[in-house]
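Engineer:
Residue numbers (our numbering), protein chains in the order written: chain A, 17 to 437; chain B, 339 to 597.
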């Protein structure tokens with residue numbers, strides 16, 4: 017290793033090897049990147065802060081413990097659906113049917129549990145399998161037949177509504193009152209379990225990041241300064257602890273029935289976030305997804321099976337949609353023919369784009385769905401608290417989506433002008 | 339002809355697309371440690387010949403001798419397995435990925451399921467260092483931030499990484515400025531000096547005379563001449579490209595055309 021380092025220094029990689037520049041330099045480099053159009057999650061986090069301030073000023077109930085817990089539960093199904101859509105958007109494709117894929121999958125679960133008296137495990141697995149099958153068929157049509165995903169999924173958007181009507185019957189709905197399923201969105205972890213989970217996550221994250229950092233330093237590879245790593249760990253840790261603290265307070269309006277603890281939706285979203293971040297960032301599958309999204313022809317010449325990557329993301333998107341449909345069914349306590357309709361898809365696409373995933377493909381992260389989903393849920397929640405008519409919610413959400421897409425398009429132009437990735 | 343034996347020797351290659359007979363009995367030799375330039379006018383069959391070598395359009399007939407042994411190269415995979423790397427004119431890099439990610443694209447190193455970033459980064463750096471690349475500041479830069487010449491460098495360095503025996507370069511300097519052309523030509527020279535057989539397809543005779551050891555000129559799908567660079571002048575090569583013959587140089591095609 018040592019002789020490589022000396023050779024590399026001669027070859028002008030010295031700057032690259034001794035990357036332990038100060039925190040100040042890192043901050044300046046970050047500002048340069050943002051100016052160049054590589055904004056990442058910055059606009060959405062700023063937007064979230066602004067929304068919190070505005071809604072708090074408009075209604076003092078907005079920052080109440082009860083409403084914050086509500087907000088997290090509401091955002092759950094949006095975030096899960098948006099995470100699936102991020103994968104499809106990474107390839108520069110779109111899945112317009114994802115909302116109904118989730119709705120119909122949840123209908124499959126509901127019908128199996130209520131009408132066929134099946135165990136909830138079987139019903140959930142069937143719903144996920146149904147979602148995966150929808151994704152597989154979409155993927156095959158897009159990858160093998162070459163139909164644009166816009167058209168294929170538009171057809172599915174219509175056809176899946178028919179499937180829902182056929183499964184449940186005109187105008188019908190099926191009540192979901194199974195304990196485990198309705199517990200996803202309505203029950204909470206115990207206070208102790210919440211603190212322990214938060215502590216474990218922070219400890220594991222710190223250990224992993226420090227180990228990675230030490231390894232990079234010892235091998236003379238490019239690495240971030242230790243101070244920046246510490247700041248990143250600290251930010252994640254503080255956010256987790258604050259959220260845990262708030263959710264572990266009693267938020268019930270009725271003093272005889274205290275409600276406290278982290279809603280089960282939150283750990284579910286965190287597990288999915290960690291899983292997909294790992295898959296996209298640390299596996300060759302994830303690398304290939306980015307490659308196909310960036311330049312399909314280059315990916316093909318590099319020997320990547322482009323069709324297989326395409327099909328895989330559609331399967332993932334529809335399966336995540338099924339999961340999101342189940343969470344939504346848990347939240348509203350029923351499945352109906354309109355499950356997954358109306359603004360479901362728009363909100364999820366909006367969440368992904370607001371979070372920073374590019375509509376042009378090749379750029380996006382699983383965490384974009386979380387931040388974007390929170391923004392969307394905050395708008396819906398805050399405007400709901402202000403007792404605005406629902407047309408306002410649609411107008412505002414549509415406007416925010418357009419704004420996010422404009423930010424995406426402008427930052428893309430800027431990136432290509434300044435040559436940043 | 340040469341003190342060394344060719345690493346790749348094509349003999350009597352023919353290729354037709356329907357009624358169009360694109361390559362007529364083409365002979366081509368690529369020697370280790372040498373830059374062989376393939377010149378010819380548009381439509382002379384340069385691209386078809388390169389694709390035949392790379393296995394994209396296998397030849398209809400003719401011998402394909404790699405290190406003296408006959409081979410059947412019918413797909414890009416076969417060619418890659420022999421150690422033949424093609425650097426395309428449009429480079430085929432993913433702009434949203436960094437240099438290391440691009441160099442290992444499709445052939446990532448893994449520790450079980452997880453990508454082995456540390457090994458890949460060290461090896462990529464090693465490959466760039468072995469070519470004395472000084473223009474790239476960081477191997478973790480995204481390709482979008484690189485200039486045309488730097489991108490060409492990354493594409494060429496990729497072939498070093500995979501220990502290629504033959505590198506086919508399709509118009510590597512076509513889109514580059516003066517200084518960048520200089521860098522890429524230096525790189526091509528160093529690549530050959532490391533023992534690789536380089537085939538340089540180029541329209542630019544200045545470039546050809548600067549780096550090539552041998553020149554093979556194609557004229558209407560036939561080899562007009564296969565000569566050492568030091569034995570010819572630029573004017574003669576222009577004549578070979580435009581008319582298929584030149585005073586004082588007897589190529590196989592000269593006979594074929596006149597007969």
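Using N, Cα and C, we set each Cβ at its ideal position, and we do this for glycine too.
Identify whether residue 557 of chain B lies in helix, strand or coil by the three-state DSSP scheme.
Structural biologist: In the second chain, the residue the question calls residue 557 of chain B occupies position 219. In the structure shown, residue 557 of chain B sits in a strand (DSSP, three-state: E or B).
Engineer: Among the candidates A:63, A:324 and A:110, whose CA atom is the shortest distance from the CA of residue 169 of chain A?
Structural biologist: Position 153 of the first chain holds residue 169 of chain A. Residue A:110 is the option with its Cα nearest to residue 169 of chain A.
Engineer: Using CA atoms only, rank isn't needed, just tell me which of A:104, A:67, A:59 and A:176 is closest to residue 376 of chain A.
Structural biologist: On the first chain, residue 376 of chain A is found 360 positions in, with the first residue counted as 1. Among A:104, A:67, A:59 and A:176, the Cα nearest to that of residue 376 of chain A is on A:104.
Engineer: Please return the same chain residues whose Cβ sits closer than 8 Å to the Cβ of residue 474 of chain B, not counting the five positions on each side in sequence.
Structural biologist: Translated into the one-based positions of the second chain, residue 474 of chain B becomes position 136. Result list for residue 474 of chain B: 437, 466, 484, 488, 491 and 492, in chain order.
Engineer: How many Å lie between residue 262 of chain A and residue 81 of chain A at the Cα?
Structural biologist: Reading the first chain from its first residue, position 246 is the one you call residue 262 of chain A. Reading the first chain from its first residue, position 65 is the one you call residue 81 of chain A. Using only the alpha carbons, I get a separation of about 6 Å.
Engineer: In chain B, which residues lie with their C-beta within 9 Å of the C-beta of residue 306 of chain A?
Structural biologist: Taking the first chain and counting its residues from 1, one reaches residue 306 of chain A at position 290. By Cβ distance, chain B contributes 432, 434, 435 and 439.
Engineer: Is residue 469 of chain B closer than 8 Å to residue 507 of chain B when the C-beta atoms are compared?
Structural biologist: Residue mapping note: residue 507 of chain B aligns to position 169 of the second chain, counting from 1. Residue mapping note: residue 469 of chain B aligns to position 131 of the second chain, counting from 1. No. Outside cutoff.
Engineer: Give a yes or no on whether the minimum CB-CB distance between residue 428 of chain A and chain B is below 8 Å.
Structural biologist: Stepping through the first chain from its first residue, residue 428 of chain A is reached at position 412. Not an interface residue.
Engineer: Anything in chain A within Cβ reach of residue 385 of chain B, meaning under 7 Å, just list it in chain order.
Structural biologist: In the second chain, the residue the question calls residue 385 of chain B occupies position 47. Within chain A, no residue comes near residue 385 of chain B; the closest Cβ sits about 15 Å away, beyond 7 Å.
Engineer: Grab me the residues of residue 233 of chain A's own chain with a C-beta within less than 7 Å of its C-beta, minus the 5 sequence neighbours each way, in chain order.
Structural biologist: For the purposes of this step, residue 233 of chain A is taken as residue 217 along the first chain, with counting starting at 1. Within the same chain, residue 233 of chain A has close Cβ partners 239.
Engineer: With a Cβ-Cβ cutoff of 8 Å, do residue 351 of chain B and residue 422 of chain B count as a contact?
Structural biologist: In the second chain, counting from the first residue as 1, residue 351 of chain B sits at position 13. In the second chain, counting from the first residue as 1, residue 422 of chain B sits at position 84. Their beta carbons are not under 8 Å apart, which means residue 351 of chain B does not touch residue 422 of chain B by this criterion.
Engineer: Touch check for the region 188 to 203 of chain A and the region 263 to 270 of chain A: three-plus C-beta pairs under 8 Å?
Structural biologist: The region 188 to 203 of chain A, when compared against the region 263 to 270 of chain A, does not touch it at the 8 Å Cβ threshold.
Engineer: Quick check: what's the CA-CA separation for residue 108 of chain A versus residue 378 of chain A?
Structural biologist: Taking the first residue of the first chain as 1, we reach residue 108 of chain A at position 92. Taking the first residue of the first chain as 1, we reach residue 378 of chain A at position 362. Their backbone Cα atoms lie some 7 Å apart in a straight line.
Engineer: Whole-angstrom Cβ separation of residue 366 of chain A and residue 420 of chain A, contact assumed at under 8 Å?
Structural biologist: To locate residue 366 of chain A, count along the first chain from 1; it is residue 350. To locate residue 420 of chain A, count along the first chain from 1; it is residue 404. Confirmed, Cβ separation roughly 7 Å.
Engineer: Under three-state DSSP, which class holds residue 426 of chain B?
Structural biologist: Position 88 of the second chain, counted from the start, is the residue given in the question as residue 426 of chain B. Residue 426 of chain B falls in the coil class under three-state DSSP.
Engineer: Determine contact between the region 174 to 194 of chain A and the region 113 to 131 of chain A, defined as no fewer than three beta-carbon pairs at a distance below 8 Å.
Structural biologist: The region 174 to 194 of chain A, when compared against the region 113 to 131 of chain A, does touch it at the 8 Å Cβ threshold.
Engineer: Determine the closest residue to residue 290 of chain A out of A:242, A:384 and A:78, with distance taken between C-alpha atoms.
Structural biologist: Numbered from 1 along the first chain, position 274 holds the residue referred to as residue 290 of chain A. Of the listed residues, the one whose Cα sits closest to residue 290 of chain A is A:384.
Engineer: Rounded to the nearest angstrom, how far is the Cβ of residue 440 of chain B from that of residue 481 of chain B, given a contact under 8 Å?
Structural biologist: Indexing the second chain from 1 puts residue 440 of chain B at position 102. Indexing the second chain from 1 puts residue 481 of chain B at position 143. Contact holds; Cβ gap of about 6 Å.
Engineer: Could you name the residues of chain A that residue 489 of chain B contacts, counting a contact when the two beta carbons are closer than 7 Å?
Structural biologist: For the purposes of this step, residue 489 of chain B is taken as the residue at position 151 of the second chain. The contacting residues do not exist; residue 489 of chain B stays about 11 Å from chain A at best.
Engineer: Considering Cα atoms alone, identify which of A:162, A:138 and A:180 is closest to residue 194 of chain A.
Structural biologist: For this step, residue 194 of chain A is matched to residue 178 along the first chain. Of the candidates A:162, A:138 and A:180, the one whose C-alpha sits nearest the C-alpha of residue 194 of chain A is A:138.
Engineer: Could you tell me whether any Cβ in chain A is nearer than 8 Å to the Cβ of residue 389 of chain B?
Structural biologist: Taking the second chain and counting its residues from 1, the one referred to as residue 389 of chain B is at position 51. For residue 389 of chain B, the answer is no, since every Cβ of chain A falls outside 8 Å of its Cβ.
Engineer: Compute the Euclidean distance between the alpha carbons of residue 140 of chain A and residue 346 of chain A, then round it to the nearest angstrom.
Structural biologist: Position 124 of the first chain holds residue 140 of chain A. Position 330 of the first chain holds residue 346 of chain A. The straight-line gap from Cα to Cα measures roughly 12 Å.
Engineer: Give me the Cβ distance between residue 377 of chain B and residue 546 of chain B, rounded to the nearest whole Å; I'm assuming they're in contact under 8 Å.
Structural biologist: What you label residue 377 of chain B is simply residue 39 of the second chain in a count that begins at 1. What you label residue 546 of chain B is simply residue 208 of the second chain in a count that begins at 1. Indeed they touch by this definition, with Cβ atoms about 6 Å apart.
Engineer: If we call anything under 8 Å between Cβ atoms a contact, is residue 539 of chain B one with residue 299 of chain A?
Structural biologist: The residue labelled residue 539 of chain B in the question sits at position 201 within the second chain. The residue labelled residue 299 of chain A in the question sits at position 283 within the first chain. No, they are not a contact pair.
Engineer: State whether the region 91 to 101 of chain A contacts the region 386 to 395 of chain A, with contact taken as three or more CB pairs (one from each stretch) at a distance under 8 Å.
Structural biologist: Yes, they touch.
Engineer: What is the DSSP secondary structure of residue 595 of chain B, counted as helix, strand or coil?
Structural biologist: Your numbering for residue 595 of chain B matches position 257 in the second chain. Residue confidence for residue 595 of chain B is low, a pLDDT of 43 falling below 50, so the modelled location carries little weight; the figure read from the coordinates is stated next. Helix.
Engineer: How close, in whole Å, do the beta carbons of residue 366 of chain B and residue 554 of chain B come, if the pair is a contact with beta carbons under 8 Å?
Structural biologist: Locating residue 366 of chain B in the second chain gives position 28, where the first residue counts as 1. Locating residue 554 of chain B in the second chain gives position 216, where the first residue counts as 1. The Cβ separation is near 6 Å, so the contact holds.
Engineer: If we ignore side chains and look at the alpha-carbon of each, how far apart do residue 404 of chain B and residue 417 of chain A end up?
Structural biologist: Here residue 404 of chain B is taken as the residue at index 66 of the second chain, counted from 1. Here residue 417 of chain A is taken as the residue at index 401 of the first chain, counted from 1. Each residue's Cα considered, the two are about 58 Å apart.
Engineer: Name the chain A residues whose beta carbon is nearer than 7 Å to that of residue 444 of chain B?
Structural biologist: The count along the second chain starts at 1 and reaches residue 444 of chain B at position 106. Ordered by position in chain A, the residues that pass the 7 Å Cβ test against residue 444 of chain B are 318, 319 and 320.
Engineer: Beta-carbon within less than 6 Å of residue 420 of chain B's beta-carbon, same chain only, minus the 5 sequence neighbours each way: which residues are those?
Structural biologist: For the purposes of this step, residue 420 of chain B is identified with residue 82 of the second chain, where counting begins at 1. Answer for residue 420 of chain B: 404, listed in chain order.
Engineer: Out of curiosity, what's the CA-to-CA distance linking residue 225 of chain A and residue 567 of chain B?
Structural biologist: On the first chain, position 209 is the one that residue 225 of chain A refers to. On the second chain, position 229 is the one that residue 567 of chain B refers to. Distance between the alpha carbons of residue 225 of chain A and residue 567 of chain B is about 56 Å.
Engineer: Would you check if the distance between the CB atom of residue 342 of chain A and the CB atom of residue 129 of chain A is smaller than 8 Å?
Structural biologist: On the first chain, position 326 is the one that residue 342 of chain A refers to. On the first chain, position 113 is the one that residue 129 of chain A refers to. Going by C-beta atoms, residue 342 of chain A is not nearer than 8 Å to residue 129 of chain A.
Engineer: In terms of alpha-carbon separation, which member of B:576, B:353, B:391 and B:442 lies closest to residue 413 of chain B?
Structural biologist: Numbered from its first residue, the second chain carries residue 413 of chain B at position 75. It is B:391.
Engineer: Hey, is residue 313 of chain A's beta-carbon within less than 8 Å of any beta-carbon in chain B?
Structural biologist: Counting from one through the first chain, the residue named residue 313 of chain A turns up at place 297. Answer yes: the Cβ-Cβ gap between residue 313 of chain A and chain B drops below 8 Å somewhere.
Engineer: Flag residue 410 of chain B as yes when its Cβ comes closer than 7 Å to any non-hydrogen atom of the ligand ATP, and as no otherwise.
Structural biologist: Here there are no bound small molecules, and the ligand ATP is not part of this structure.
Engineer: State buried or exposed for residue 581 of chain B, treating a residue as buried only when at least 16 other CB atoms are found within 10 Å of its CB.
Structural biologist: As a first step, residue 581 of chain B is located in the second chain; it is residue number 243 there, counting from the start. The residue in question, residue 581 of chain B, is exposed, as its Cβ has fewer than 16 Cβ neighbours within 10 Å.
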